[in-house]
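Okay, so the sequence shown: first residue is 182 according to our numbering, each after it adds one.
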Amino acid sequence: MRRKDVGRKNKGYGESVPDWASDGRRQLLSDIIDDLRALRALGVSAVGIDFEAPDPDATFVEIHWFHEQVIPGL
């Protein structure tokens, strides 16, 4: 299989993403730990996470949550 660089912009993850899209499909990263595990199993080697928040303190809270809750689950 040939390696391909592909991208998909996803502005949310975890609780900020509804579990189901309007078409009835489960949304990617609504269960961030399981989805990142599944992507790794498919051979995905990098995922970009956007810790966008209204201010620097809120951004730090998001990064800290990700470090404490998501990384250990992978």
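C-beta: ideal position from N, C-alpha, C; glycine also.
Starting from the Cα of D231, find the closest Cα among D200, S211 and E243 and give me that residue. For the purposes of this step, residue 231 is taken as the residue at position 50 of the sequence shown. If you compare the alpha carbons of D200, S211 and E243 with that of D231, the shortest gap goes to E243.
Are H223 and D216 close, meaning C-beta to C-beta below 8 Å? In the sequence shown, residue 223 corresponds to position 42, counting from 1. In the sequence shown, residue 216 corresponds to position 35, counting from 1. Before going further, note that residue 223 is Leu rather than His in the sequence given. Cβ atoms of L223 and D216: not closer than 8 Å.
Nearest-angstrom Cα distance between A239 and R218? For this step, residue 239 is matched to residue 58 along the sequence shown. For this step, residue 218 is matched to residue 37 along the sequence shown. Rounded to whole angstroms, A239 to R218 spans 26 Å at the Cα level.
Taking the Cβ atom as the reference point for each residue, do D200 and R207 lie within a distance shorter than 8 Å? The residue you call residue 200 lines up with position 19 of the sequence shown. The residue you call residue 207 lines up with position 26 of the sequence shown. Yes, the pair counts as a contact, with Cβ atoms nearer than the cut-off.
Assign E206 to one of three DSSP states: helix, strand, or coil. Sequence index remark: in the sequence shown, residue 206 carries index 25 (1-based). Residue identity check: residue 206 is Arg in the sequence provided, not Glu. Three-state DSSP puts R206 in coil, outside helix and strand.
Quick check: what's the CA-CA separation for V228 versus E249? Here residue 228 is taken as the residue at index 47 of the sequence shown, counted from 1. Here residue 249 is taken as the residue at index 68 of the sequence shown, counted from 1. Going by C-alpha positions, V228 is about 18 Å away from E249.
Measure the CB-CB distance between Y194 and I214 and report whether it falls below 8 Å. As a working mapping, residue 194 is identified with position 13 in the sequence shown. As a working mapping, residue 214 is identified with position 33 in the sequence shown. In this structure, Y194 sits away from I214, with a CB-CB distance that is not shorter than 8 Å.
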